[in-house]
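Read through the structure below, which is laid out as structure tokens, and then see the notes.
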Amino acid sequence: MKLCHGLLLALATLALCDRVKGQSNRFDISIHVIDTGKGSGANEAPVKLYKSKSNDDWLLVSQGKTGASGRLTDFTSSTLKFTKGIYKFTVGAKDYYSAAGQETLFPVIDIIFNIDDTNQHYHIPLLLNAYGYSTYRGS
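Read left to right, the sequence shown gives residues -22 to -1, 1 to 117 (mature numbering (1 follows the signal peptide of the UniProt record, and there is no 0)).
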């Protein structure tokens, strides 16, 4: 039993050291898409996370769909590390609203933001309705 606890402690320490150095494959970034027209999370909204390679060149890091609460927190990459830089969330608002039989003025919403400290968590809420949106850095 002591060996198991020691092994778990060693693995946790390695994972923490890996993250502190900014070398984790898990991106400590999350998004919360809130449908203000419904007053609840936007379930099944498609989201892509990109990292900037240069001015107009983006590298896809990860993609998924929001859960029932409108949150998506599991951004991992098999090839990229979580490092400083410029990132972009692309939210497929048209796909989200089309699934509900609605139209939207904004078919795709790009949220571009800067990561300057990989030891912090970056949470980006998106307040969304069919004809407008707002975003900010959350906690």
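C-beta: ideal position from N, C-alpha, C; glycine also. Since the model is a prediction, treat every value here as computed from it, not as a measurement.
Assuming contact is defined by CB atoms lying nearer than 7 Å, are residue i and residue j in contact in what I supplied?
i: S55; j: V39; result: yes
i: K26; j: T68; result: yes
i: T44; j: A20; result: yes
i: T113; j: I89; result: yes
i: A108; j: Y75; result: yes
i: I9; j: L50; result: yes
i: H99; j: D6; result: yes
Rounded to the nearest angstrom, what separates residue i and residue j at their Cα positions?
i: V86; j: Q80; result: 15 Å
i: D13; j: D95; result: 29 Å
i: S47; j: G116; result: 16 Å
i: I34; j: G63; result: Note on residue identity: the sequence assigns Asp, not Ile, to residue 34. When rounded, the distance between both Cα atoms is 14 Å.
i: T61; j: R4; result: 10 Å
i: D52; j: Y111; result: 23 Å
i: A(-11); j: D73; result: Confidence in A(-11) is poor, its pLDDT being 41 and thus under 50, which makes the residue's placement too unreliable to answer from.
i: A23; j: N97; result: 28 Å
i: L106; j: K16; result: 10 Å
i: L29; j: W36; result: It should be pointed out that residue 29 corresponds to Lys in this sequence rather than to Leu. Taking the straight line joining both Cα atoms gives about 6 Å.
i: I93; j: G42; result: 20 Å
Residue range of the beta strand (DSSP E) that residue i falls in?
i: T112; result: According to the sequence as given, residue 112 is Ser; it is not Thr. Residues G110 to T113.
i: D13; result: I7 to D13
For residue i, does the three-state DSSP call read helix, strand or coil?
i: S76; result: helix
i: L104; result: strand
Would you grab the beta carbon distance between residue i and residue j for me? Rounded to a whole angstrom, and I think it's under 8 Å.
i: V11; j: L83; result: Not really, about 16 Å apart at Cβ, beyond 8 Å.
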